[in-house]
Amino acid sequence: MAGPVTLVTFVVPPALRRCIGDRAEVRVFAVAPSGEDVPTLGAALDTLRRTHPSLEERLRDENGHIRRHISMFVCGENARTLGGLSCGLPPGAEVYVMPSLV
Amino acid sequence: MEALLAIGTRKGLFLARSSGGGPFEVDPVRFSTIGVPSVAIDTRGDVPRVLAGIEYGHFGPSVMWSDDLGRTWEEAKTPPIAFPEHTGATLARVWQLQPSPSEPGVVWAGAEPASLWRSEDGGATYRLVEGLWDHPTRPEWQPGGGGLCLHTVIPHASDPRRIAVAASAVGFFRSDDGGASWEPANHNIRAPFLPEGAQYPEFGQCVHKVAQHPARPERLFLQHHFGVYRSDDFGGTWTDIGAGLPSDFGFPIAVHSGDPDTVYVFPLHGDVDRTPVDHRYNVYRSDDAGADWKGLSDGLPDEPVHSSVLRDAMVAGDAGVFFGTRDGEVYGSADGGQTWTLIARHLPDVLTVRAAVL
Numbered sequence: 001m002a003g004p005v006t007l008v009t010f011v012v013p014p015a016l017r018r019c020i021g022d023r024a025e026v027r028v029f030a031v032a033p034s035g036e037d038v039p040t041l042g043a044a045l046d047t048l049r050r051t052h053p054s055l056e057e058r059l060r061d062e063n064g065h066i067r068r069h070i071s072m073f074v075c076g077e078n079a080r081t082l083g084g085l086s087c088g089l090p091p092g093a094e095v096y097v098m099p100s101l102v
Numbered sequence: 103m104e105a106l107l108a109i110g111t112r113k114g115l116f117l118a119r120s121s122g123g124g125p126f127e128v129d130p131v132r133f134s135t136i137g138v139p140s141v142a143i144d145t146r147g148d149v150p151r152v153l154a155g156i157e158y159g160h161f162g163p164s165v166m167w168s169d170d171l172g173r174t175w176e177e178a179k180t181p182p183i184a185f186p187e188h189t190g191a192t193l194a195r196v197w198q199l200q201p202s203p204s205e206p207g208v209v210w211a212g213a214e215p216a217s218l219w220r221s222e223d224g225g226a227t228y229r230l231v232e233g234l235w236d237h238p239t240r241p242e243w244q245p246g247g248g249g250l251c252l253h254t255v256i257p258h259a260s261d262p263r264r265i266a267v268a269a270s271a272v273g274f275f276r277s278d279d280g281g282a283s284w285e286p287a288n289h290n291i292r293a294p295f296l297p298e299g300a301q302y303p304e305f306g307q308c309v310h311k312v313a314q315h316p317a318r319p320e321r322l323f324l325q326h327h328f329g330v331y332r333s334d335d336f337g338g339t340w341t342d343i344g345a346g347l348p349s350d351f352g353f354p355i356a357v358h359s360g361d362p363d364t365v366y367v368f369p370l371h372g373d374v375d376r377t378p379v380d381h382r383y384n385v386y387r388s389d390d391a392g393a394d395w396k397g398l399s400d401g402l403p404d405e406p407v408h409s410s411v412l413r414d415a416m417v418a419g420d421a422g423v424f425f426g427t428r429d430g431e432v433y434g435s436a437d438g439g440q441t442w443t444l445i446a447r448h449l450p451d452v453l454t455v456r457a458a459v460l
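These protein sequence lines map, in sequence, to chains A and B. Position 28 of the first sequence, counting from 1, maps to 28 under the working numbering, and the rest follow consecutively. Just remember that the working numbering sits 102 ahead of the position in the second sequence, which is counted from 1.
Below is the structure:
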């Protein structure tokens, strides 16, 4: 049985907004795998792959890894320092997508 | 005659059109911040389709298409080229898009890491050709300077079971069962960068580009990392035809669609000095399948140049002969290369050029 669910807001940089109808944000549900777990960034991205595949493919490669030059900040912290895809998401989490500067 | 010229650059796609044999007018840039390493103009359908392999910076590569000559673009809802999970590979770049001459709706793609892909929906989505990916030599394939790229796809003009590819620095491979099984076909191609006694490897060849004429599909021309070759048996054996050139090092090679004996190359000094011979743009053409060569530079700059032409940045066909340079100039010729006209300049470095009569 699926675990807790939270609504996650991805805040998308201008270069990717055309993937979501020129909006700046997209909201998806992240579902924890069981009642013992919390929803994770990976779960949110899995949902995004179903609901907004043209955005998700820009953020992760076909193996599900976050692309090298993409960072995601969860509630102000870089998710890479919080476990990456396994980073837990609090209720109503905002995920800021940040491409590296070039 | 309505002609379309597609110029893929490191930062954007430029489409240019010519009417009634007049000059090419370049449209505003598309994908202005995005690399376009591959492009195809598919004229098989009711309307021409422009396909573009894009390199979307941090956000990964993809394939897009336009059915209205570049005004609007579409992209598959799911990643059009994605390695199956069991491969563990990640797509780095789409190097080649090639509509099939014998199968409606089929488009082939060559990619990095070296892999061949087949689309059956007009180039929207692709599946990996596992027969080549699983080739027993693949673990030994090594990248060239441009990466481990499959940059050339040559479907046989009339027989859909036969197809060939070239990858760097892997070599020329061919299949006669629609891509299920493959064999390297590099007989008599010399790899001078390898030690004496090991210069004719079965694979591990740095083939830069291969071209085929549709009316004579068994005939292929090949530009190697030193060496220009011709095959008259779809790669069964290769003959060196580079003796009459000032240098047999270069990247592009193109066959004129109007004549299977007319072939073009762009000689560079060599692999260390990748600049045009004598620092002048000079396209070399043979009208007898490589026996004799003639330099064609009328209309090209008469001052020193230091840029080069990449492997996909020259094309010859009914719409004309065209090449683009790494410093963003594009030249065209309406008389087979006898005289050249500047079509565009100050573009980003040109990665690919394709042209078609609409």
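Think of the CB as a built atom: it goes at the ideal place given N, C-alpha and C, for glycine as much as any other residue. All of these numbers come straight from a predicted model, not from anything done at the bench.
| Can you give the Cα-Cα distance for Leu453/B and Ala24/A, rounded to whole angstroms? | 32 Å
| What does DSSP give as the partner residues of Leu107/B in its beta bridges? | Ala118/B and Ala457/B
| Does Pro140/A have its Cβ less than 7 Å from a Cβ in chain B? | Missing from the structure shown is residue 140/A; chain A here goes from 1 to 102 and no further.
| request: Go ahead and pull the three-state DSSP assignment for Trp243/B. | output: coil
| query | What does DSSP give as the partner residues of Leu250/B in its beta bridges? | reply | According to DSSP, which records beta bridges pairwise, Leu250/B is partnered with nothing at all.
| Interface positions of the region 48-79 of chain A facing chain B (Cβ-Cβ less than 8 Å), listed along the chain | Pro53, Ser54, Glu57, Arg58, Leu59, Asp61, Glu62, Asn63, His65, Arg67, Arg68, His69 and Ile70
| query | Under 7 Å between C-beta atoms, does Thr180/B make it to chain A? | reply | yes
| request: Note down, in chain order, every chain B residue with its Cβ under 8 Å from the Cβ of Pro14/A. | output: Going along chain B, no residue has its Cβ under 8 Å from Pro14/A, so there is no contact; the nearest lies around 11 Å.
| query | Can you tell me whether Asp350/B is buried or exposed, with buried defined as 16 or more other CB within 10 angstroms of its CB? | reply | buried
| message | List, in chain order, every chain A residue whose beta-carbon is nearer than 7 Å to that of Gly162/B. | response | Glu57, Arg58, Asp61 and Arg67
| Can you name the residues that DSSP bridges to Asn78/A? | Phe73/A
| message | Using a Cβ-Cβ distance cut-off of 7 Å, determine whether Ala184/B contacts chain A. | response | yes
| Which stretch, first to last residue, makes up the beta strand (DSSP E) that contains Ser221/B? | Ser217 to Ser221
| field | Element boundaries [alpha helix (DSSP H), containing Arg58/A] | value | Pro53 to Leu59
| Gly155/B - containing beta strand (DSSP E), residue span | Arg151 to Glu157
| Closer than 9 Å at the beta carbon, the chain A residues around Thr111/B | The contacting residues do not exist; Thr111/B stays about 17 Å from chain A at best.
| query | Can Ala269/B and Ala216/B be called in contact, C-beta distance under 7 Å? | reply | yes
| message | Less than 7 Å between the beta carbons of Leu449/B and Tyr433/B, yes or no? | response | no
| message | I want to verify the contact list: residues of chain B whose CB lies under 9 Å from the CB of Ser86/A, in sequence order. | response | What Ser86/A touches in chain B: nothing, since even the nearest Cβ is about 19 Å away.
| message | Out of Gly42/A, Tyr96/A, Phe29/A and Arg49/A, which one is the CA nearest neighbour of Gly76/A? | response | Tyr96/A
| query | In whole angstroms, what separates the C-alpha of Ala93/A from that of Ser202/B? | reply | 48 Å
| query | Taking C-alpha atoms, which residue in Phe353/B, Ser359/B, Pro362/B and Thr364/B lies nearest to Leu370/B? | reply | Phe353/B
| Under three-state DSSP, which class holds Ile291/B? | coil
| request: Just mark Gln301/B as buried or exposed, buried being the case when its beta carbon has 16 or more other beta carbons within 10 Å. | output: exposed
| task | Give the DSSP bridge partners of Ala266/B, in chain order. | result | Ile256/B and Arg276/B
| Segments assigned alpha helix (DSSP H), at least 4 residues, entirely inside the region 17-51 of chain A | 41-51
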